[in-house]
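**Q** Residue numbers (full-length UniProt numbering), protein chains in the order written: chain A, 1 to 294; chain B, 1 to 297. The beta-carbon is built from N, C-alpha and C at its ideal position, and this holds for glycine as well. Predicted model, so just to flag it, every value in this text is computed and none were measured. My questions will all concern the structure given below.
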């Protein structure tokens, strides 16, 4: 604080502190607190607020527990998001390694540009592309029929498969870049040394590359899981009523059920889930929050 | 990397190969056997082709569907080539309204997130260890929060506490609450290469605090400010999950695309996709080229 004051004087320091306070307190922390408070209250009419009916209750949380359908969707969202995270990691690990340690010169630059481009294409458009691929008369169905694997076009948007495929595609680059950044800082001599000493390729990765890339792996997994569990766009476009996502239930509480406290409770549960996943990853990979989101 | 794992020692022990002249040993390690090496590079190439096909084929197919003379966005069967869907798109008033809303929201987000992000980076730079860690965690927390929750909390807070319903203003506030985090990280990255001695020297030579900020700090940060503005605008432009909850009756372009896909889908959506992808590709290529040139001595 004294550093700021000395360099920029008190008027500028006051502006800096006020802007930060506005952001952190008014835009981030207070809304979250109000949402949590709201989730413990009954759904009241405006004139009932502040009356004796306005008490704290756990009723909104009990709803999830007693509603079998919602509970099943909640757990489906968890395992499907874990699956998306795992598949994304498997797909991205080789390309990140290749870019960071194998590719050289202009080729590496070209690959970097090629990777960046789809990253800037709208998530909705990336999902829409899969909407076309998965549709009844779409290329995937045609290809499967051409290979003789299926006789009739199948509805790929009926179950969870379409949603999972779409999510892996939509969030792949949130995994590639953290992995790449972490692997790039690995001294190539370490890999050479391990190879010279006779370590096999899987062992080089298991003992040298992966331990070094832990912060990147943790960041990528956290981002992917958070995006998958919190996605509304992908299940809304690629799912069907039979494959609903937890976020869709939250949305319905707000804009169809008109029960905001109930929706807040579900939203808070989703937030706790993501928080739990972050803590799990930090513990699993033994990294600190400071190493994440760099 | 403080302990030597038994596994590593085993790896060391395994490597007790008979001593050979340096040259043959080098060659052996670089390529165990020609056949194995060929197999490996073949597999690598196969994976690369597969990966980039996976990345680009869906977008290519979506773009191609624009030009198929069919009522639905599809590439099969190909019913002839047309560009009429661009015309349909450009005649769509709703699309223009949505585009306009997106531009206003994007500009608003940049206007809020840029100064706040810079202030946050400066504040973090002036704080020490413990306080810095806590404030940093608070500031990056919106980046690790699902977008729907940011939208919901913003909506409840402003609507219930201040009677402010969803709309352009709330969309700006909700989006800026996490986009400011990106700006802060980008400015902070640039700050790390800043020599604070410059500011000290200017002060010693009698510059005022405002002069130090305007003539030294800001010019140094300028490149990161330009990049952060672009990123902030793009993040805002493509946001869907957060916007959905705070948009009220207003519609941004991304929300428009999603609603078109869900109801009344025609290849006009693909035409919009082609235009947006085209702009993206050109923008990314120009940005990358300029960055390359800047890196060259």
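Please report the residue range of the alpha helix (DSSP H) in which residue 89 of chain A lies.
**A** That run of the alpha helix (DSSP H) goes 68 to 97.
**Q** Taking contact to mean 3 or more Cβ pairs, one atom from each stretch, closer than 8 Å, check whether the stretch 19 to 37 of chain A and the stretch 173 to 188 of chain B are in contact.
**A** Touching, yes, given that three or more Cβ pairs across the two stretches are closer than 8 Å.
**Q** Could you say which of B:119, B:58, B:75, B:72 lies nearest to residue 11 of chain A if we only look at CA atoms?
**A** Measuring from the Cα of residue 11 of chain A, the nearest candidate turns out to be B:119.
**Q** When we look at the beta-carbon of residue 55 of chain A and count the other beta-carbons within 10 Å, is it buried (16 or more) or exposed?
**A** Exposed is the call here.
**Q** Alpha carbon to alpha carbon, how far is residue 82 of chain B from residue 67 of chain B? Give it in angstroms, no decimals.
**A** When rounded, the distance between both Cα atoms is 5 Å.
**Q** Using a Cβ cut-off of 9 Å (strictly closer), state whether residue 227 of chain B contacts chain A.
**A** By this cut-off, residue 227 of chain B is not an interface position.
**Q** Under the assumption that residue 179 of chain A contacts residue 213 of chain A (Cβ atoms under 8 Å), give the Cβ distance between them as a whole number of angstroms.
**A** The pair is a contact, with the Cβ atoms about 6 Å apart (cut-off 8 Å).
**Q** Could you tell me which residues DSSP puts in a beta bridge with residue 68 of chain B?
**A** In the DSSP output, where bridge partners are listed per residue, residue 68 of chain B has B:81.
**Q** Might you give, ordered along the chain, the residues of its own chain that have their beta carbon closer than 8 Å to the beta carbon of residue 259 of chain B, omitting 5 neighbours on each side?
**A** The residues are 251.
**Q** I need the straight-line Cα distance from residue 285 of chain A to residue 76 of chain A, nearest angstrom please.
**A** In a straight line, the C-alpha of residue 285 of chain A is about 25 Å away from that of residue 76 of chain A.
**Q** What in chain B is Cβ-close to residue 263 of chain A, meaning under 8 Å?
**A** Result: 152.
**Q** Using a Cβ cut-off of 9 Å, which residues of the stretch 48 to 63 of chain B contact any Cβ in chain A, in chain order?
**A** Taking 9 Å as the Cβ-Cβ cut-off against chain A, the residues of the stretch 48 to 63 of chain B that qualify are 48, 51, 52, 54, 55, 56, 57, 58, 59, 60, 61, 62, 63.
**Q** Can a CB atom of chain B be found closer than 9 Å to the CB of residue 223 of chain A?
**A** It does: the Cβ of residue 223 of chain A has a partner Cβ on chain B nearer than 9 Å.
**Q** For residue 49 of chain A, does the count of other Cβ atoms within 10 angstroms reach 16, so buried, or fall short, so exposed?
**A** Answer is exposed; the Cβ neighbour count stays below 16.
**Q** With burial defined as no fewer than 16 other Cβ atoms inside 10 Å of the residue's Cβ, what is the status of residue 225 of chain A: buried or exposed?
**A** Buried, because 16 or more other Cβ atoms sit within 10 Å of the Cβ of residue 225 of chain A.
**Q** What does residue 19 of chain A touch in chain B if you count any residue whose Cβ is under 8 Å from its own?
**A** The answer, in chain order, is 115, 116, 119, 120.
**Q** Please go through the same chain and pick out, in chain order, the residues whose beta-carbon is closer than 6 Å to the beta-carbon of residue 267 of chain A, but skip the five residues on each side of it.
**A** Around residue 267 of chain A: 250.
**Q** Find the nearest neighbour of residue 139 of chain B within the set B:148, B:97, B:179, judged by alpha-carbon distance.
**A** Of the listed residues, the one whose Cα sits closest to residue 139 of chain B is B:179.
**Q** Within 9 Å of any Cβ in chain A, is that where the Cβ of residue 171 of chain B sits?
**A** It does not; no Cβ of chain A falls within 9 Å.
**Q** Can you tell me where the alpha helix (DSSP H) holding residue 201 of chain B begins and where it ends?
**A** That run of the alpha helix (DSSP H) goes 196 to 204.
**Q** If you draw a straight line from the C-alpha of residue 48 of chain B to the C-alpha of residue 37 of chain B, how long is it?
**A** When rounded, the distance between both Cα atoms is 17 Å.
**Q** Is the beta carbon of residue 183 of chain A sitting closer than 9 Å to the one on residue 220 of chain A?
**A** No, they are not a contact pair.
**Q** What is the rounded straight-line gap between the Cα of residue 118 of chain A and the Cα of residue 207 of chain A?
**A** Spanning the two alpha carbons is a distance of roughly 32 Å.
**Q** Return helix, strand or coil for residue 33 of chain B, following the three-state DSSP convention.
**A** It is coil, neither helix nor strand.
**Q** Thinking C-beta only, is residue 152 of chain B closer than 9 Å to residue 122 of chain A?
**A** No, these two residues do not count as a Cβ contact at 9 Å.
**Q** For residue 85 of chain B and residue 270 of chain B, which I take to be in contact (beta-carbon distance under 8 Å), what is that distance rounded to the nearest angstrom?
**A** The pair is a contact, with the Cβ atoms about 7 Å apart (cut-off 8 Å).
**Q** CA-CA distance, residue 274 of chain A and residue 82 of chain A?
**A** Cα to Cα, residue 274 of chain A sits roughly 11 Å from residue 82 of chain A.
**Q** Pick out whichever of A:43, A:62, A:60 has its Cα sitting closest to the Cα of residue 53 of chain A.
**A** Here the closest residue by C-alpha is A:43.
**Q** Using the rule of at least 16 other Cβ atoms within 10 Å of the residue's Cβ for burial, across every protein chain shown, is residue 65 of chain A buried or exposed?
**A** Exposed is the call here.
**Q** Please list, in chain order, the chain A residues whose beta carbon lies closer than 7 Å to that of residue 147 of chain B.
**A** Residues of chain A passing the Cβ test: 230.
**Q** When the Cα of residue 286 of chain B is compared with those of A:113, A:136, A:156, A:78, which residue comes out closest?
**A** Ranking A:113, A:136, A:156, A:78 by Cα distance to residue 286 of chain B puts A:113 first.
**Q** Pull up the CB-CB distance for residue 122 of chain B and residue 149 of chain A, whole angstroms please, since I reckon it's below 8 Å.
**A** That pair is no contact at about 60 Å.
**Q** Find out if the Cβ-Cβ distance for the pair residue 76 of chain B, residue 137 of chain A is shorter than 9 Å.
**A** Yes; because the gap between Cβ atoms is below 9 Å, this pair is in contact.
**Q** For residue 253 of chain A, count neighbouring C-beta atoms within 10 Å of its own C-beta (all shown protein chains included) and say buried if the count is 16 or more, exposed if not.
**A** Flag for residue 253 of chain A reads buried.
**Q** Starting from residue 168 of chain B, follow the alpha helix (DSSP H) in both directions and report where the run begins and ends.
**A** Run containing residue 168 of chain B: 168 to 191, per the alpha helix (DSSP H) assignment.
**Q** Within 9 Å of any Cβ in chain A, is that where the Cβ of residue 284 of chain B sits?
**A** Closer than 9 Å: yes.
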